[in-house]
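Colleague:
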Amino acid sequence: MMRFVVTLLVGLLLAGCATSRDDSLAPKTANHVELKRYQGTWYELARLPMYFQRNCAQSEARYTLLPEGSMAVLNRCLTPDWKWEEARGTATPQVPGKTDKLWVRFDNWFTRLLPGSIKGDYWVLYVSDDYKTAIVGNPNRRYLWLLSRTPEVNETVREELLSKARQQGYDTTRLIWRVSDSAMAKTSK
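Residues -20 to -1, 1 to 169 in mature numbering (1 follows the signal peptide of the UniProt record, and there is no 0) are what the sequence shown spells out, letter by letter.
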């Protein structure tokens, strides 16, 4: 568990440090995200490879809007041997009043050691009008998540998300897809 949290933090820190701030090169964001509608559970459909999720067969994130306008974050990862790993943190707008670009900080001994210095970019690149699907990435295109309110989507929705990610310059051929519940059940036998 601690290893998961530390590697998650280090990954986000490195993503934040490696970020290009040339807005002409950065992916375009959703422009405005209603955090009240965005809160709740999101299932990871697919992600680009990253060290801190290397053992994740299924992942989900739960966001809860806090009174001051930030969001509590609970990331959960189910490993192939059916163990949940969790990381808790907070997402805050990078610019007050602008809700599509967030800083994410996770709460653990490492961030307490260096308060305020460990944070990662969380850019909402797309969210559907009904807030049922979303695409999240970071400015240097190293990280990408295709998200849904359900663990699976139909082929049309899947292709739409892939198309939007490709239009933003992400390499979708490297995506790691969520392991289905039925495939997980087969591995546990």
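Here a beta-carbon is modelled for each residue, glycine too, at the ideal position from N, C-alpha and C. In this text the structure is predicted, and so the values were computed from the model without any measurement.
Classify Arg121 as helix, strand or coil using the three-state DSSP reduction.
Modeller: Three-state DSSP puts Arg121 in coil, outside helix and strand.
Colleague: Looking only at its chain, what residues have a beta carbon closer than 6 Å to the beta carbon of Leu45, apart from the 5 residues adjacent to it on each side?
Modeller: Cβ neighbours of Leu45 beyond the five flanking positions: Leu15, Lys16, Gln19, Met51.
Colleague: Taking the Cβ atom as the reference point for each residue, do Leu155 and Leu28 lie within a distance shorter than 8 Å?
Modeller: Yes, they are a contact pair.
Colleague: With three or more C-beta pairs closer than 8 Å as the rule, is the segment 147 to 164 touching the segment 22 to 41?
Modeller: Touching, per the Cβ criterion.
Colleague: Please state the DSSP three-state secondary structure of Lys8.
Modeller: Of the three classes helix, strand and coil, the one that applies to Lys8 here is coil, per DSSP.
Colleague: On the CB-based measure, 16 or more other CB atoms within 10 Å of its CB, does Gln147 come out buried or exposed?
Modeller: It is exposed - the Cβ of Gln147 has fewer than 16 other Cβ atoms within 10 Å.
Colleague: How big is the Cα-Cα spacing for Asn11 and Leu82?
Modeller: Whole-angstrom Cα-Cα distance: 12 Å.
Colleague: Less than 7 Å separating the Cβ of Val75 from some heavy atom of the ligand MN?
Modeller: No copy of the ligand MN appears in this structure; indeed no ligand is present at all.
Colleague: Let's see if you can read the secondary structure: which residues bound the alpha helix (DSSP H) around Val107?
Modeller: No alpha helix (DSSP H) contains Val107, which is instead part of the beta strand (DSSP E) from 100 to 107.
Colleague: Taking only the alpha-carbon atoms, compute the straight-line gap between Lys144 and Thr136 and give it to the nearest angstrom.
Modeller: Cα to Cα, the separation comes out at about 12 Å.
Colleague: Using C-beta distances below 6 Å, list every residue in its chain close to Arg129, excluding the 5 sequence neighbours before and after it, in chain order.
Modeller: Contacts found: Lys112.
Colleague: The beta strand (DSSP E) with Lys78 in it runs from where to where?
Modeller: Counting along the chain, the beta strand (DSSP E) containing Lys78 begins and ends at 78 to 86.
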